[in-house]
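With our numbering applied, the sequence shown covers 5 to 452. Glycine residues also receive a C-beta, built at the ideal position from the N, C-alpha and C atoms.
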Amino acid sequence: MKNQISLYNNTYILGISFISALGGYLFGFDFAVISGALPFLKTAFELNAWWEGFLTGSLALGCIIGCLIAGQLADRFGRRPGLMLSALIFAVSSIGMAMAQNLTVFVMMRFMAGIGVGMASMLSPMYIAEISPASMRGRNVAINQLTIVIGILVTNLVNYFLSDNGPDVWRWMFGLGVVPSLLFLIGLIWLPESPRWLLQAGKTEKARMVLGRIGSETFVKDTFNDIEKSFTGPQTKSYAAVFEKSVRPAVLVGIVLAVFQQLCGINVVFNYTATIFESAGADLDRQLFETVVIGAVNLIFTIVAMWQVDKLGRKPLMLIGSLGLSIIYVLLAYLLQSGAAAGMVSIVVLIAIALYATSLAPVTWVLISEIFPNRIRGLASSVAIVSLWIGYFIIAFTFPILAEKLGTYGPFYLYSAICFIGFIFVLKKVKETKGQTLEEVEQHFSAH
5 MKNQISLYNN TYILGISFIS ALGGYLFGFD FAVISGALPF LKTAFELNAW WEGFLTGSLA
65 LGCIIGCLIA GQLADRFGRR PGLMLSALIF AVSSIGMAMA QNLTVFVMMR FMAGIGVGMA
125 SMLSPMYIAE ISPASMRGRN VAINQLTIVI GILVTNLVNY FLSDNGPDVW RWMFGLGVVP
185 SLLFLIGLIW LPESPRWLLQ AGKTEKARMV LGRIGSETFV KDTFNDIEKS FTGPQTKSYA
245 AVFEKSVRPA VLVGIVLAVF QQLCGINVVF NYTATIFESA GADLDRQLFE TVVIGAVNLI
305 FTIVAMWQVD KLGRKPLMLI GSLGLSIIYV LLAYLLQSGA AAGMVSIVVL IAIALYATSL
365 APVTWVLISE IFPNRIRGLA SSVAIVSLWI GYFIIAFTFP ILAEKLGTYG PFYLYSAICF
425 IGFIFVLKKV KETKGQTLEE VEQHFSAH
């Protein structure tokens, strides 16, 4: 193992992985900021259940557009320009949300923020997968999830400490998003382009140069040959190529896993923490404090996932997480339905967060980044992640409405059933990918 690791420039690989993964921080920021700001936005804009759901879910609608844009940009101009554009869009939209004078403008700016988040959510893990050697790819792609949860935790902390500063404090909560987006943009100046994209674009010497920074001459030669072989055959740049029979199994798995990661229901806990704990009798201070605790547990168990994803593997983690969530949701629904104390609800919620953070959250991104063929990775990734954001919009939009009709506990019985169905799908359809090069994964997921 030591000899294998010595083939690679680990410091350089980790450095560029972390820079790219700052796109995940933007995702985490916008994902979490709504949880702390929602109690203030309800008052400021007089939101009913439908508008509460739409305002929260409007980020996902922008993310869908962002993914579609990013897929085309990534395959035509490279991964790096797309990441830079996403950072710029996010900076502008953060200022726009902070200055919004009415609900229409705020929703438009949140939709715009979604475009930036959607682009980064697709390009960051894809870029990391393409620059990482097989033996450390799972851990490196999970860095993207790590920055997401750091973004969630830091944002929840900021929201908590800002919450006593008056009814317009939500403007500061959103406006502070300009800071990480500008830091991300500055970091991207030093980022090299993906060697796989460079070779696909005919920039052979640049591809060799980037690979040379990543690893030894042996690594460069072997990787170069594998990439070239993967590009044999027609290089169609259309969405029709994504649904060809030969790649359909991989695309099906990618789409289902992406949708499952959202419809599993955990993002309801992230986005509607205040609503859930309000139903358990917690005051506003306790509600916002719970968002901080959730963020901390999320961070700790994401680190556990990074440690295990290249050891235990992708499939075992997904099976444990999906079945565990299916069971824990039934208990959570029962506690909420029976009027249990907020402390009991908190313990069960944190167990659910721990299960999700070690499985569906990071591993879904890892699998999406590695199961698609080189020649269509940008377009196929955009299809899968568009599906993910459609799933997020559905879950974010429907929860307030379902909670109003069924009680806060009701939707969690539904999420339990979805998690069990997801467990069966992973068991039957998902293949293990740990330790394989992207080109080997391509062969195993393609139809024979």
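For isoleucine 405, same chain residues with a beta-carbon under 8 Å away, outside a window of 5 residues either side, are Ala53, Trp54, Gly57 in chain order.
Between methionine 213 and glutamate 221, the alpha-carbon positions lie close to 11 Å from each other.
The Cβ neighbour count for glycine 411, taken over all protein chains shown within 10 Å, is under 16; the residue is labelled exposed. Counting every other CB atom within 10 Å of its CB across the protein chains shown gives alanine 244 a total below 16, marking it as exposed. Leucine 261 sits buried, since 16 or more C-beta atoms from the chains shown fall within 10 Å of its C-beta. DSSP, read as helix, strand or coil, puts glycine 414 in helix. For tryptophan 393, the CB contacts under 7 Å within the same chain, skipping 5 residues up- and downstream, are Ala64, Cys67, Ile68, Cys71, Gly122 in chain order. Excluding five sequence positions before and after glycine 120, the CB atoms of its chain that fall closer than 6 Å to its own CB belong to Ser90, Ile93, Phe94, given in chain order. It is roughly 22 Å from the alpha-carbon of isoleucine 259 to the alpha-carbon of aspartate 314. Contact between isoleucine 156 and glycine 32 holds, since their C-beta atoms are separated by about 4 Å, short of 8 Å. Judged by DSSP in its simplified three-state form, tyrosine 243 adopts helix. Rounded to whole angstroms, the separation of the alpha carbons of aspartate 226 and phenylalanine 115 is 43 Å.
The residue among Arg80, Phe264, Asn302, Val182 with its C-alpha nearest the C-alpha of isoleucine 425 is Phe264.
Of all C-beta pairs linking the region 126-146 to the region 191-210, three or more are shorter than 8 Å, placing the two stretches in contact. Taking 4 residues as the shortest admissible run, the region 120-191 contains the following complete alpha helix (DSSP H) segments, listed from N- to C-terminal end: 141-166, 173-179. Relative to tyrosine 360, the option among Ala309, Lys46, Val387 whose CA is nearest is Ala309.
Note that the C-beta distance between tyrosine 276 and alanine 337 is not below 7 Å. Between the beta-carbon of glutamine 149 and that of tryptophan 369 there is about 6 Å, and that keeps the pair under the 8 Å contact cut.
Taking C-alpha positions only, glycine 206 is separated from serine 385 by approximately 22 Å.
Taken atom to atom, the span from the alpha-carbon of valine 224 to that of isoleucine 428 is near 39 Å. Excluding its 5 nearest sequence neighbours in each direction, tyrosine 164 has C-beta neighbours in its own chain below 8 Å: Gly40, Leu292, Phe293, Thr295, Val296, listed in chain order.
The beta carbon of alanine 25 is closer than 6 Å to those of Ser128, Ile147, Asn148, Thr151 in its chain, skipping five residues each way along the sequence.
A distance of 7 Å or more separates the beta carbons of alanine 124 and methionine 113. The Cβ atoms of alanine 286 and alanine 346 lie closer than 7 Å to each other. Contact between isoleucine 17 and isoleucine 135 holds: CB atoms are separated by about 7 Å, below the 8 Å threshold. Distances from the alpha-carbon of glutamate 282 to those of Gly28, Thr15, Leu42 put Leu42 closest.
DSSP places glycine 219 within a strand segment (E or B) once states are collapsed to three. For the set Gly395, Ile399, Ile324, Lys433, the Cα lying nearest the Cα of isoleucine 375 is the one of Lys433. When rounded, the separation of the alpha-carbon atoms in proline 377 and alanine 400 is 32 Å. In the structure shown, tyrosine 276 falls within a coil segment according to DSSP collapsed to helix, strand and coil.
Among the bridge pairs identified by DSSP, tyrosine 12 is matched with Gly219. Residue environment analysis places threonine 159 among the buried positions, since at least 16 neighbouring C-beta atoms fall within 10 angstroms of its C-beta. At the C-beta level, valine 173 and leucine 180 stay beyond 7 Å of one another. Residue environment analysis places threonine 15 among the exposed positions, since fewer than 16 neighbouring C-beta atoms fall within 10 angstroms of its C-beta. For valine 273, the closest of Pro415, Pro253, Gln204 by C-alpha to C-alpha distance is Pro415.
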